[in-house]
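S.K.: Per this note's numbering, the very first residue in the sequence shown carries number 554; after that it's consecutive. Quick one: this structure, given as structure tokens, is what I'll be asking you about.
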Amino acid sequence: MMEWRLICDGPMAGPVNMATDRALLQACNEGISGPTFRIYGWAGTAVTLGYAQEEKGQINSELCQRLNIPISRRPTGGRAMAHQNELTYSLTVPIPHEQFPSSLKGAYAVVATAVEKSLQLLGVKNTPHAPRSTKKTEGKEKFRSPACFAHLNGHEVAVQGKKLTGGAQRRLKGAFLQQGSILLDCDREFTNSLFEFPDLQTRERNLEILREQTISLRELLGIEIPFELAAGVFKKGFSETFPGRWQEKGLSAREISLRDALVEDKGPGISRRVLDDAIK
Numbered sequence: 554m555m556e557w558r559l560i561c562d563g564p565m566a567g568p569v570n571m572a573t574d575r576a577l578l579q580a581c582n583e584g585i586s587g588p589t590f591r592i593y594g595w596a597g598t599a600v601t602l603g604y605a606q607e608e609k610g611q612i613n614s615e616l617c618q619r620l621n622i623p624i625s626r627r628p629t630g631g632r633a634m635a636h637q638n639e640l641t642y643s644l645t646v647p648i649p650h651e652q653f654p655s656s657l658k659g660a661y662a663v664v665a666t667a668v669e670k671s672l673q674l675l676g677v678k679n680t681p682h683a684p685r686s687t688k689k690t691e692g693k694e695k696f697r698s699p700a701c702f703a704h705l706n707g708h709e710v711a712v713q714g715k716k717l718t719g720g721a722q723r724r725l726k727g728a729f730l731q732q733g734s735i736l737l738d739c740d741r742e743f744t745n746s747l748f749e750f751p752d753l754q755t756r757e758r759n760l761e762i763l764r765e766q767t768i769s770l771r772e773l774l775g776i777e778i779p780f781e782l783a784a785g786v787f788k789k790g791f792s793e794t795f796p797g798r799w800q801e802k803g804l805s806a807r808e809i810s811l812r813d814a815l816v817e818d819k820g821p822g823i824s825r826r827v828l829d830d831a832i833k
């Protein structure tokens, strides 16, 4: 029977969350750890950059510093995110693994199935993968928004044509990591204020896109979904999608050591080189 580790973390600081996921990926890539599903929250607002995304010209660093909002770099790709009221998960899996296709797209599709199942258990109906951008959206995206949730991708889940979940993946030789976010609620105006734009018109344009293209579980279901409830449902959805012997466990000694070292090296301008040195 397939062994799965479940890690349930409550709200944690942004740098610690990112360092934990990086440590899980490295340990799995080294063959030390097996498949792991981690659910976690955020201790206050945090900003994360995509692996290849530049911080300059993308993030309102001055405002983040003033509000004591940490900025971290994700080991996965995509664009910037302002993490607030959301459920976040990471899935770390050895390559190869019998429950996942070998291709990037195939793995995305299988994980999307687990996300959709979990959302349906919460009462969300009709959860197709995100549609292609409309001509109206394409015209607005000429300025290339720095925000992850201003863009719909084919492997993510959309409801009523609006983005409810985000996700990105990083693949190494011996393991892959997928990180995903589900909006429990959202404050679009505050989120928009954390990004940097060349002028007020562009800022307002991005806010309009966020209003048109994102939706939260509270808005969709008309009720507030507590983090603990969503976490329990996602545990069920993923364990049913990937059957096996699921056990709730913490980090190994090796993973704790890796995480702590990464947190110490972390800074607002953490470079991709630091991540590459940390994840071999």
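Heads up, the beta-carbon is just placed ideally off N, CA and C, and yes, glycines get one too.
#1: Look up Pro654 in the DSSP assignment and say whether it is helix, strand or coil.
#2: In whole angstroms, what is the alpha-carbon distance linking Leu672 and Leu725?
#3: Taking just the CA atoms, how far does Gly785 sit from Ile762?
#4: Decide if the stretch 651–667 is in contact with the stretch 737–747; the criterion is three or more beta carbon pairs, one per stretch, under 8 Å apart.
#5: Based on Cα-Cα distance, which residue from Pro564, Phe750, Thr573 and Met554 lies nearest to Glu817?
#6: How many angstroms separate the CA atom of Pro568 from the CA atom of Ser625?
#7: Bridge partners of Cys561, per DSSP?
#8: Of all the options Phe729, Ala667, Gln637 and His708, which has the alpha carbon lying nearest to the alpha carbon of Gly719?
#9: Output needed for Arg591: all residues of its chain with C-beta closer than 6 Å, excluding positions within five of it in sequence on either side, in chain order.
#10: Going by Cα to Cα distance, which pick from Arg627, Lys789, Ile809 and Gln618 is closest to Ser586?
#11: Hey, would you say Gln766 sits closer than 8 Å to Lys802, going by beta carbons?
#12: Compare the Cα-Cα distances from Thr513 to each of Ile612, Glu651, Phe729 and Glu757 and report the closest residue.
#13: Which residues mark the beginning and the end of the beta strand (DSSP E) in which Phe729 is found?
#14: For Arg685, which residues from the same chain have a beta carbon less than 7 Å from its beta carbon, with the 5 sequence-adjacent residues on both sides left out?
#15: Buried or exposed: which applies to Ala580, given that a residue is buried once 16 or more other Cβ atoms fall within 10 Å of its Cβ?
#16: Below 7 Å CB to CB, which residues in the same chain sit around Gly494 once its five sequence neighbours on both sides are set aside?
#17: Which residues bound the beta strand (DSSP E) around Leu851?
#18: Got a sec, what are the start and stop residues for the alpha helix (DSSP H) Gln637 sits in?
#19: What does the alpha-carbon distance come out to for the pair Val677 and Gly775?
#20: Please report the distance separating the alpha-carbon of Gly692 from that of Gln713.
#21: Rounded to a whole number of angstroms, what is the C-alpha to C-alpha distance between Pro564 and Gly594?
M.R.: Looking at the coordinates:
#1: coil
#2: Answer to the nearest angstrom: the Cα atoms are 29 Å apart.
#3: Roughly 31 Å separates the two Cα atoms.
#4: no
#5: Thr573
#6: 6 Å
#7: Ile592.
#8: Comparing Cα positions, the closest option is His708.
#9: Ile560 and Ser643
#10: Ile809
#11: no
#12: This structure does not reach residue 513, given that the chain is present from 554 up to 833, and the question cannot be answered.
#13: Ala728 to Leu736
#14: At Arg685, the pLDDT of 44 sits below 50, so the modelled position is not reliable and the matter cannot be decided from this model.
#15: buried
#16: Residue numbering for the chain in the displayed model covers 554 to 833; residue 494 lies beyond these limits and cannot be assessed.
#17: In the structure as shown, the chain begins at 554 and stops at 833. Residue 851 is therefore absent and cannot be evaluated.
#18: Element bounds for Gln637: n/a, residue is neither H nor E.
#19: 11 Å
#20: Confidence is the limiting factor: at Gly692 the pLDDT is only 46, short of 50, which leaves the residue's position unreliable and the question unanswerable from this model.
#21: 4 Å
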